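Step one of this worksheet: look at the structure below.
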Amino acid sequence: MNCYLLLPFMLGIPLLWPCLGATENSQTKEVQQPVGSHVRVKRGWVWNQFFVPEEMNTTSHHVGRLRSDLDNGNNSFQYKLLGAGAGSTFIIDERTGDIYAIQKLDREERSLYILRAQVIDITTGRAVEPESEFVIKVSDINDNEPKFLDEPYEAIVPEMSPEGTLVIQVTASDADDPSSGNNARLLYSLLQGQPYFSVEPTTGVIRISSKMDRELQDEYWVIIQAKDMIGQPGALSGTTSVLIKLSDVNDNKPIFKESNHFFCVHCISLQKVNFEHQNHYGIRAKVKNHHVDEQLMKYHTEASTTFIKIQVEDVDEPPLFLLPYYIFEIFEETPQGSFVGVVSATDPDNRKSPIRYSITRSNVFNIDDNGTITTTNSLDREISAWYNLSITATEKYNIEQISSIPVYVQVLNINDHAPEFSQNYESYVCENAGSGQAIQTISAVDRDESIEEHHFYFNLSVEDTNSSSFTIIDNRDNTAVILTNRTGFNLQEEPIFYISILIADNGIPSLTSTNTLTIHVCDCDDSGSTQTCQYQELMLSMGFKTEVIIAILICIMVIFGFIFLTLGLKQRRKQILFPEKSEDFRENIFRYDDEGGGEEDTEAFDVAALRSSTIMRERKTRKTTSAEIRSLYRQSLQVGPDSAIFRKFILEKLEEADTDPCAPPFDSLQTYAFEGTGSLAGSLSSLESAVSDQDESYDYLNELGPRFKRLACMFGSAVQSNN
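Residues in the sequence shown are numbered from 5 upward in steps of one, following the working numbering.
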């Protein structure tokens, strides 16, 4: 049973394609059918093709017809279309098997469609034939114009290049099918760029067709067109622009624009040009190209010349030192004001301005107006072996003209440091040590710099040599060994030994120092190793050294001393004496903290001296000046305060304090308050004395002992002064 695909006219030829191929598969397969049907062998299907034009303007386009050879035309068969595009791009008439395209097809988007067809018996609902697969190919039409994909194009070619020189190649592409006629066959042509350029029609290669001069025009725009269908009528076209630049070649000789040139320069602007030596120069210059291609030599036969006149102007130049830098040497420990060296600078101008010198940021050296450098302090090579100075020279007539140079001062060594121990040694010896046992190796260092290698000599002091329990051996290699000089030591009797070691250097003159080596006696173990020395373990466990302990004790003493000093000053200030004042202003109250020993204490202070009375104490006889001041004071209070009266009163009290022999020997603050002249009723105080100051005698205070010495001095001197 066969089916046929009826195709529409294509290129005027009606086609009828069988939907089943004429060639069977190499194997046949027997298919079991349901009850009531017959069994038959199915033949294999081959691919069949439809060709559909690319452009369609109608809503639906008939592609072809699918028909089974079992279809007798009674409309009992139903045709179905399956696969990608079925129902969306292509549809089938279920009764007739006609296939239609319902969308516009674009070959450049999709060139073929693979579909499947199926024939079903309507009455039974079963497939009459196996599925048939076929292909619908979209045929090409010329609907795409050529396009240049590598735009923009730019090329560089040397000027004066000969004809036929390759410039650049342009390439266009056409999306149409190259196997379908001439739709994609391109032809190139030049629309703009004649007569300097040409293009090859089939390759798109642009070449030079005429020589060009860059000095006349340095770039060109060329327009190239590409047509498909070999340029036949109805062909589509595309264009592109190419920028072609000309690179320079040496085809022009150099020429001076002017035959004479005049320049004016400053004498600091050119090397080795000095107004004082020569103020103008004349130069004749010739110009020509050094390297010229032989083909272009005809353009360079004659050289261009010009005359240059240079006028040198005079300017104020900074001072000029005779040397670019200075190096001086001086021995250390030289006294202040020692000579170091001399620097010299001059003014290169005609007026020869005097020069002033200065040293930048140095408190060790000084320089005078003659450029002489001297020391301001003693130098120590061990502190600084080199000094880098900056000497500044300034013109006296123009201080803006300044020059500076570096000056290097080397401090030479003298043997001024004695050798000393290279470290703080902690030496130990066992109680059971034998004679001649080595307990310590020592070495020395010297802070002096020596031209020759340092060499040290070790000896014991005279006292230790005669009575020491140890001896020393100089190894002659700047080290020495300390040996025991006896057998057995006692930790309880002599726990520590101090040995004075003399170390001498090989300087000129030689210096010697005395260094003390401390040796601790240890209770060693059976092996005799000092590593297990109990004293050493104790010291290590404490974590302190003798120097640290001493420093701590000194700090504690200083703190306590400061505390005692502060307390003493406070106590002394509490003992400031108050000068006696007249009862016209304020009564004085003296407080004593001595409570005495009770009734049996006959040496205690007699409290009868402070008995109360309503009788007012008479004023002591004062100097005439004091009496006048107090009189003026009373008068002023009756009419109002007067600043002059107050000032005189304060001066009088100041004079009393200055002349008082019992006044404290340091500054004190004394307060005086005016309470007025009093009331006619008299004082209401219960502390008034029973007798006047003149009638009271304080001589008995001198007989009461040391406790009343200060009181006797105060009242006794006051009484004597008043009398």
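We treat Cβ as the ideally placed atom computed from N, Cα and C, and that holds for glycine.
Predicted model, so just to flag it, every value in this text is computed and none were measured.
| Beta bridge counterpart(s) of glutamate 399 as assigned by DSSP | Ile359
| field | Stretch-stretch touch, CB-based, cutoff 8 Å, three pairs: the stretch 132-139 with the stretch 160-178 | value | no
| query | Do the stretch 175-190 and the stretch 216-226 touch if we need at least three Cβ pairs shorter than 8 Å? | reply | no
| said: Within 10 Å of its beta-carbon, does aspartate 662 have 16 or more other beta-carbons around it, so buried, or fewer, so exposed? | reply: exposed
| query | Can you find at least 3 beta carbon pairs, one from the stretch 402-417 and one from the stretch 330-340, that sit closer than 8 Å? | reply | yes
| query | In the DSSP assignment, what residue or residues form a beta bridge with isoleucine 377? | reply | Gly345, Ile371
| field | Selected residue, minimal CA-CA separation from leucine 515, among Ala448, Leu495, Val269 | value | Ala448
| said: At the level of alpha carbons, what is the spacing between isoleucine 1 and histidine 304? | reply: Only positions 5 to 727 of the chain appear in the structure, and residue 1 is not among them; the question remains open.
| message | In this structure, how does DSSP classify serine 471 when only helix, strand and coil are distinguished? | response | helix
| query | Quick one: Cα of proline 205 to Cα of leucine 195, how far? | reply | 12 Å
| said: Which of the three DSSP states is assigned to threonine 206 in this structure? | reply: coil
| Quick one, are the C-beta atoms of asparagine 254 and asparagine 293 less than 8 Å apart? | yes
| request: Mark alanine 349 as exposed unless 16 or more other C-beta atoms lie within 10 angstroms of its C-beta, in which case mark it buried. | output: buried
| task | Using 10 angstroms around the beta-carbon of asparagine 146, count the other beta-carbons present and answer buried if the total reaches 16, otherwise exposed. | result | buried
| field | Rounded Cβ spacing between arginine 69 and isoleucine 95 (contact assumed at less than 8 Å) | value | No, arginine 69 and isoleucine 95 are not in contact; Cβ-Cβ is about 13 Å, not under 8 Å.
| Same chain, Cβ closer than 8 Å to aspartate 443, neighbours up to 5 away in sequence not counted | Correcting the residue type first, residue 443 is isoleucine in the shown sequence and not aspartate. Result list for isoleucine 443: Ser431, Tyr432, Val433, Ala437, Phe474, Ile486, Leu487, Thr488, Ile523, Thr534, in chain order.
| request: Output the distance between the C-alpha atoms of valine 171 and threonine 244, rounded to the nearest integer angstrom. | output: 15 Å
| Does the distance from the CB of threonine 376 to the CB of phenylalanine 369 come in under 8 Å? | no
| said: By the three-class DSSP mapping on this structure, what secondary structure does leucine 569 have? | reply: helix
| query | By Cβ distance, which residues of its chain are closer than 6 Å to proline 749, with the 5 residues on each side in sequence left out? | reply | The first residue shown for the chain is 5 and the last is 727, placing residue 749 beyond what the model contains.
| said: Only counting the same chain, and skipping five residues up and downstream in sequence, which positions put a Cβ closer than 7 Å to that of asparagine 79? | reply: Arg99
| message | Quick check on the burial criterion: 16 or more other C-beta atoms within 10 angstroms. Buried or exposed for serine 202? | response | buried
| What's the call for tyrosine 502, buried or exposed, on a 16-neighbour Cβ count within 10 Å? | exposed
| Hey, would you say asparagine 419 sits closer than 8 Å to aspartate 452, going by beta carbons? | yes
| Cα-Cα separation, isoleucine 507 to leucine 393 | 38 Å
| What is the residue span of the beta strand (DSSP E) that aspartate 102 lies within? | 102-105
| said: By DSSP's criteria, phenylalanine 201 is part of a beta bridge. Which residues make up the other side? | reply: Ile212
| said: Please return the same chain residues whose Cβ sits closer than 7 Å to the Cβ of aspartate 353, not counting the five positions on each side in sequence. | reply: Asp320, Glu321
| query | Does the beta-carbon of threonine 398 have 16 or more other beta-carbons within 10 angstroms, so that it is buried, or is it exposed? | reply | buried
| request: Classify glutamate 587 as buried or exposed, calling it buried when 16 or more other Cβ atoms lie within 10 Å of its own Cβ. | output: Here glutamate 587 scores only 42 on pLDDT, less than 50, and its place in the model should not be relied on; the value that follows carries that caveat. Buried, by the Cβ-count rule.
| field | Local Cβ density within 10 Å of glutamate 155, reported as buried at 16 or more and exposed below that | value | exposed
| task | Please report the residue range of the beta strand (DSSP E) in which cysteine 526 lies. | result | 516-526
| task | Would you give the residue range spanned by the beta strand (DSSP E) that arginine 71 belongs to? | result | 65-72
| message | Just to confirm the assignment, what range does the beta strand (DSSP E) spanning asparagine 489 have? | response | Element bounds for asparagine 489: n/a, residue is neither H nor E.
| said: Looking at the secondary structure, which residues open and close the beta strand (DSSP E) in which proline 162 lies? | reply: 157-162
| For asparagine 148, does the count of other Cβ atoms within 10 angstroms reach 16, so buried, or fall short, so exposed? | buried
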